[in-house]
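Report on the structure given below.
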């Protein structure tokens, strides 16, 4: 009788687990679904659902549906947003040290960026835990380029007097000032209309955003400056994190890391496609004869601003990575 009772209780317990409502986490980001990190978010959600046997469901809200990047990161601290993807430029407003990754011409190539982010980057992102956010992995948004409606940008002097949209972040504001441009902080959701109406002359973003958000429709000149690399940390609110069991936390972290490798490769694979979309439109002139050495020299003062505030330990560590 005791054995039958124990078996019945076990079956009932298993049934109750099976019928339990899954944990649902809302993940917001500003990219279009076809953007590489938009696709990364969907891939991540799929992995989490599969590996948790449906016990965790990630609901993805793209295209600024839950707000702009600053809204989303602030939402993590209050627990109104469970997860988000955001650039280190925006995260730097909450964890200032991570803005080092937005310094112009910091990385030799993307492989250098990957190694730096997966080591120095993840360590610096731990500082965000005191602000209510945990970094699971660092994905990417690609290499950023300049676009505008006035003239092709080949040398730093071509930037003088141009009104450029930037993210609300000191590194980008100071970079534009160093180039003689007028920085105008603005949310991504407002950018297309501002370019269309001539409120600003130009903007800077990876090819993925230039193509998927169709900025090429309202920008005559695209210059492949490659001035910064754009990391994209995957963040979860500590409030949401604490609701998960250690096993569930491990599933999320591993899925984020596996998606990181998948998504970075996707970025590389799609760069040519996005460039072709822009060229085939016939609406923008693309030039790649940019004097990058001159741009690097003209913006080196931004490095000095950062090191005066935070020291040069992290910068030396990043530059030493082989």
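Numbering (my numbering), first residue to last: 19 to 340.
By construction, the Cβ of each residue, glycine as well, lies at the ideal position given by its N, Cα and C atoms.
Nothing here was measured: the structure is a model prediction, and the numbers come from that model.
In this structure, does DSSP put residue i in helix, strand or coil?
i           : result
residue 260 : coil
residue 58  : helix
residue 75  : strand
residue 83  : coil
residue 240 : strand
residue 52  : coil
residue 140 : helix
residue 207 : helix
residue 102 : strand
residue 300 : coil
residue 191 : helix
residue 255 : strand
residue 250 : strand
residue 317 : coil
residue 154 : strand
residue 292 : helix
residue 174 : helix
residue 201 : strand
May I have the straight-line CA-CA distance separating residue i from residue j, to the nearest angstrom?
i           : j           : result
residue 254 : residue 186 : 22 Å
residue 102 : residue 67  : 17 Å
residue 240 : residue 125 : 22 Å
residue 73  : residue 209 : 38 Å
residue 136 : residue 323 : 24 Å
residue 238 : residue 297 : 11 Å
residue 54  : residue 78  : 14 Å
residue 175 : residue 168 : 13 Å
residue 130 : residue 283 : 15 Å
residue 203 : residue 211 : 14 Å
residue 81  : residue 198 : 31 Å
residue 144 : residue 96  : 18 Å
residue 69  : residue 39  : 16 Å
residue 22  : residue 61  : Confidence in residue 22 is poor, its pLDDT being 47 and thus under 50, which makes the residue's placement too unreliable to answer from.
residue 233 : residue 264 : 43 Å
residue 318 : residue 75  : 45 Å
residue 299 : residue 286 : 21 Å
residue 224 : residue 288 : 12 Å
residue 378 : residue 89  : Look at the range of the chain in this structure, 19 to 340, and you will see that residue 378 is not part of it.
residue 132 : residue 140 : 11 Å
residue 173 : residue 306 : 11 Å
residue 274 : residue 128 : 19 Å
residue 178 : residue 279 : 38 Å
residue 330 : residue 194 : 22 Å
residue 56  : residue 290 : 18 Å
residue 104 : residue 292 : 21 Å
residue 71  : residue 325 : 47 Å
Looking at residue i: is its Cβ nearer than 8 Å to the Cβ of residue j?
i           : j           : result
residue 91  : residue 116 : no
residue 219 : residue 272 : no
residue 160 : residue 248 : yes
residue 65  : residue 100 : no
residue 41  : residue 260 : no
residue 320 : residue 189 : yes
residue 226 : residue 86  : no
residue 106 : residue 201 : no
residue 154 : residue 270 : yes
residue 58  : residue 267 : no
residue 84  : residue 332 : no
residue 119 : residue 245 : no
Find the nearest neighbour of residue i within the set the options, judged by alpha-carbon distance.
i           : options            : result
residue 304 : 318, 229, 258      : 229
residue 361 : 112, 39, 51        : Outside the displayed range of the chain (19 to 340) lies residue 361, so it cannot be described from this structure.
residue 277 : 156, 52, 70, 325   : 156
residue 149 : 269, 274, 290, 257 : 257
residue 316 : 89, 121, 86        : 121
residue 147 : 231, 94, 119, 128  : 94
residue 158 : 293, 178, 47       : 47
residue 216 : 245, 177, 166, 231 : 166
residue 191 : 110, 207, 127, 173 : 110
So, at 8 Å on beta carbons, what are the nonlocal neighbours of residue i in its own chain, with the 5 sequence-adjacent residues on each side left out?
i           : result
residue 243 : 162, 163, 164, 171, 222, 308, 310, 313
residue 5   : No information on residue 5 is available, as it lies outside the stretch 19 to 340 that the chain covers here.
Beta-carbon within less than 6 Å of residue i's beta-carbon, same chain only, minus the 5 sequence neighbours each way: which residues are those?
i           : result
residue 335 : 138
residue 362 : With the chain covering 19 to 340 only, the question about residue 362 has no answer from this structure.
residue 235 : 301
residue 51  : 80
residue 214 : 236
residue 295 : 229
Is residue i near the ligand NAD, judged by its Cβ being under 7 Å from some heavy atom?
i           : result
residue 152 : Among the ligands in the structure shown, none appear at all, so the ligand NAD cannot be discussed.
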